[in-house]
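*Asks:* Provided herewith is a single structure, encoded as structure tokens, for subsequent inquiry.
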Amino acid sequence: MIGRRGTLSERASERTSPPATRQFFVAVACHTKSKTKGDEERVVRFRRDVVLTRLASGLAPHADDAQQTRIARETYTYAALSLLWLLRLRSFPNPQQLVDVAADDDTRSCLKAMTAQLANGEAPLHAIITAGHVGTRESEPDSPLACFWELLPAALARPVVPVHTQWIVYRPLHDRALDELDKNCFGLLRDVLQRPNAEGDAGQLVGIVADQRCSSAHTRAEVTFLGQPTHFPTGAARLHLETGATLWFAALLHDKRFYETSDPAEKPFRLILRPVKLASATESSSVMETTALVQTYASMLEQVVVEHPEQYLWMHDLWNEKRRVSMRVD
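Numbers 1 to 330, taken from the working numbering, label the letters of the sequence shown in order.
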């Protein structure tokens, strides 16, 4: 499904209720992180086997059994926080103020580069943002990254970057009713990314969830993610190669410091932004180049997951047994 997002000011005008308080979220976090065994059993329950199996497969080199159990508890805490922020998001007049867009030097540098490219009036005119199941995302494993797609357009909008229009792509998994629309999605986005700038000083931004399960052999690449052979969709990489739009990896992470201090300067989320590009030009085939770009994205996502494992949605069953059999058959 493709949804066009209006300007930040248009969306902000719809939000008139009072803002949620920091204390509200701290109280929920503390309750969710209760140290009692009973609460642990209630929290670590939904898809528990999937979570523990995926943790054992993906984090074995980085975390022992005790650490994996702790991460499992904490991932439910952050899933709950994401859902709570989603429910209260409309109470904030300007969601952009919730995100620290200058949390590190690399992100600041990338924002400057993106701004220059979107405003230069020459190709490339537009940008593609890839996201994964990490950081701010809704707690349902088979739903869009609803909280992320509410906050990311706010973070990457004026005055931070000169974006005129934002196109966000999402779809429920395993929904046959959307298959026909999904077949047309690539062509529609390609047309969007090949348009001239809507204004002289602003481009368009397309956001794509790039770590969904992909059943089509024609639109996926086999890469290595967290030490596992994994199928990732190739749509973002192919759009980049066909249109020349710049390709970026983005993540919005919960900032723990927000819950640990009363400093009004601290913000609940921080942005990570990196360019997705190959280290050097290559004369390889387009298929090989596409796979290399997808692997670059997968490696960037893996780095964030290893550094912040509690914020990855381990409930997202990317490596189920049927999928493993399918990959062996392929």
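Beta carbons are placed, not taken as given, at the ideal position from N, Cα and C, and that holds for glycine.
Do you know offhand how far V206's Cα is from G235's?
*Replies:* The sequence position of residue 206 within the sequence shown is 206, counting from 1. The sequence position of residue 235 within the sequence shown is 235, counting from 1. Those two C-alpha atoms are separated by around 12 Å.
*Asks:* Pick helix, strand or coil for S13, following the three-state DSSP scheme.
*Replies:* Here residue 13 refers to the residue found at position 13 of the sequence shown. Note on S13: pLDDT 31, under 50, position unreliable in the model; the coordinate value appears next. The answer is coil: DSSP assigns S13 none of H, G, I, E or B.
*Asks:* Ignore the nearest five residues each way along the sequence and tell me which others in W319's own chain have a CB closer than 6 Å to its CB.
*Replies:* The residue labelled residue 319 in the question sits at position 319 within the sequence shown. Closer than 6 Å at the Cβ level, and outside the excluded window around W319, lie Q228.
*Asks:* Helix, strand or coil for W85? Go by DSSP, reduced to three states.
*Replies:* Start at 1 with the first residue of the sequence shown, and residue 85 comes out as number 85. Looking at W85 - three-state DSSP - the assignment turns out to be helix.
*Asks:* Q194 by DSSP, collapsed to three states: which one?
*Replies:* Mapped onto the sequence shown, residue 194 falls at position 194. The answer is coil: DSSP assigns Q194 none of H, G, I, E or B.
*Asks:* A331 and F225 look like a contact to me (Cβ under 8 Å); what is the Cβ gap, rounded to whole Å?
*Replies:* Outside the shown range of the chain (1 to 330) lies residue 331, about which nothing can therefore be said.
*Asks:* Bridge partners for T230 per DSSP, in chain order?
*Replies:* Here residue 230 refers to the residue found at position 230 when the sequence shown is read from its first residue. Note: T230 sits in a beta bridge opposite V223.
*Asks:* Which word fits S109, buried or exposed, when buried means at least 16 other C-beta atoms lie within 10 angstroms of its C-beta?
*Replies:* Residue 109 sits at position 109 when you count from the first residue of the sequence shown. It counts as exposed.
*Asks:* Whose C-beta lies closer than 8 Å to the C-beta of H308 among residues of the same chain, with five residues either side of it excluded?
*Replies:* Against the sequence shown, residue 308 aligns to sequence position 308. Counting only Cβ-Cβ distances below 8 Å, and skipping sequence neighbours, we find V134, G135, L253.
*Asks:* Shortest alpha-carbon distance to M114 belongs to which of R274, M288, V294?
*Replies:* Working through the sequence shown from its first residue, we reach residue 114 at position 114. Among R274, M288, V294, the Cα nearest to that of M114 belongs to R274.
*Asks:* Which of helix, strand or coil does DSSP assign to P275?
*Replies:* Taking the first residue of the sequence shown as 1, we reach residue 275 at position 275. It is a strand residue.
*Asks:* Comparing alpha-carbon positions, which option in R213, D317, T243, V101 lies nearest F232?
*Replies:* Residue numbering aside, residue 232 sits at position 232 when the sequence shown is read from its first letter. Looking at the Cα atoms, R213 is the closest of the given residues.
*Asks:* Out of L301, L83, K112, N94, point me to the one whose CA is closest to A102's CA.
*Replies:* For the purposes of this step, residue 102 is identified with residue 102 of the sequence shown, where counting begins at 1. If we check each option's Cα against that of A102, K112 comes out closest.
*Asks:* For the candidate residues R47, D104, Q295, whose alpha-carbon lies nearest to that of L278?
*Replies:* As a first step, residue 278 is located in the sequence shown; it is residue number 278 there, counting from the start. Nearest option by C-alpha distance: Q295.
*Asks:* Assuming Y78 and Q311 form a contact by the criterion Cβ under 8 Å, report the distance between their Cβ atoms to the nearest whole angstrom.
*Replies:* For this step, residue 78 is matched to residue 78 along the sequence shown. For this step, residue 311 is matched to residue 311 along the sequence shown. Sure, about 5 Å apart at Cβ, within 8 Å.
*Asks:* Suppose you measure from the CA of L151 to the CA of A251; what does that come to, to the nearest Å?
*Replies:* Here residue 151 refers to the residue found at position 151 when the sequence shown is read from its first residue. Here residue 251 refers to the residue found at position 251 when the sequence shown is read from its first residue. In a straight line, the C-alpha of L151 is about 11 Å away from that of A251.
*Asks:* Under 8 Å between the Cβ atoms of A245 and A127?
*Replies:* The count along the sequence shown starts at 1 and reaches residue 245 at position 245. The count along the sequence shown starts at 1 and reaches residue 127 at position 127. Yes, they are a contact pair.
*Asks:* Starting from L118 and walking both ways along the alpha helix (DSSP H), at which residues does that stretch end?
*Replies:* As a working mapping, residue 118 is identified with position 118 in the sequence shown. Bounds of the alpha helix (DSSP H) holding L118 are 105–119.
*Asks:* Using the C-alpha atoms, what's the distance from A66 back to T53?
*Replies:* On the sequence shown, position 53 is the one that residue 53 refers to. On the sequence shown, position 66 is the one that residue 66 refers to. Each residue's alpha carbon lies about 14 Å from the other.
*Asks:* Which class does G235 belong to by DSSP, given the choice of helix, strand or coil?
*Replies:* On the sequence shown, residue 235 is found 235 positions in, with the first residue counted as 1. Helix, per DSSP.
*Asks:* Please go through the same chain and pick out, in chain order, the residues whose beta-carbon is closer than 6 Å to the beta-carbon of E74, but skip the five residues on each side of it.
*Replies:* The residue labelled residue 74 in the question sits at position 74 within the sequence shown. Around E74: E310.
*Asks:* Within 10 angstroms of the Cβ of V51, are there 16 or more other Cβ atoms? Answer buried if so, exposed if not.
*Replies:* The residue labelled residue 51 in the question sits at position 51 within the sequence shown. Buried, by the Cβ-count rule.
*Asks:* Note down, in chain order, each residue of its chain lying with its Cβ closer than 8 Å to the Cβ of P61, except the 5 sequence neighbours on either side.
*Replies:* Counting from 1 along the sequence shown, the entry for residue 61 is found at position 61. The residues are G227.
*Asks:* Short check: CB of A72 to CB of L59, under 8 Å?
*Replies:* Position 72 of the sequence shown holds residue 72. Position 59 of the sequence shown holds residue 59. Contact: no.
*Asks:* Run through the DSSP bridge pairs and tell me what I208 is partnered with.
*Replies:* Within the sequence shown, the letter at position 208 stands for residue 208. Its beta-bridge partners are T130, V169.
*Asks:* Return the bridge partner residues of R270 from the DSSP annotation.
*Replies:* On the sequence shown, position 270 is the one that residue 270 refers to. Paired residue(s): D100, L253.
*Asks:* Exposed or buried, M331, counting other C-beta atoms within 10 Å across all chains shown (16 or more means buried)?
*Replies:* This structure gives no information on residue 331, because the portion of the chain shown stretches from 1 to 330.
*Asks:* Should F24 go down as buried or exposed, given a rule of 16 or more other Cβ atoms within 10 Å for buried?
*Replies:* As a working note, residue 24 is residue 24 in the sequence shown. Confidence at F24 is low in this model, with a pLDDT of 41, below 50, so its placement is unreliable and the value that follows should be read with caution. Classification of F24: exposed, given that the 10 Å Cβ count is below 16.
*Asks:* Span of the alpha helix (DSSP H) holding L55?
*Replies:* Taking the first residue of the sequence shown as 1, we reach residue 55 at position 55. In this chain, the alpha helix (DSSP H) harbouring L55 covers 48–59.
*Asks:* Going by the beta-carbon positions, is the gap between L247 and V276 smaller than 8 Å?
*Replies:* In the sequence shown, counting from the first residue as 1, residue 247 sits at position 247. In the sequence shown, counting from the first residue as 1, residue 276 sits at position 276. Cβ distance < 8 Å, so L247 and V276 count as in contact.
*Asks:* What residue range is occupied by the uninterrupted alpha helix (DSSP H) comprising T136?
*Replies:* Locating residue 136 in the sequence shown gives position 136, counting from the first residue. Unbroken run through T136: none, as it is neither H nor E.
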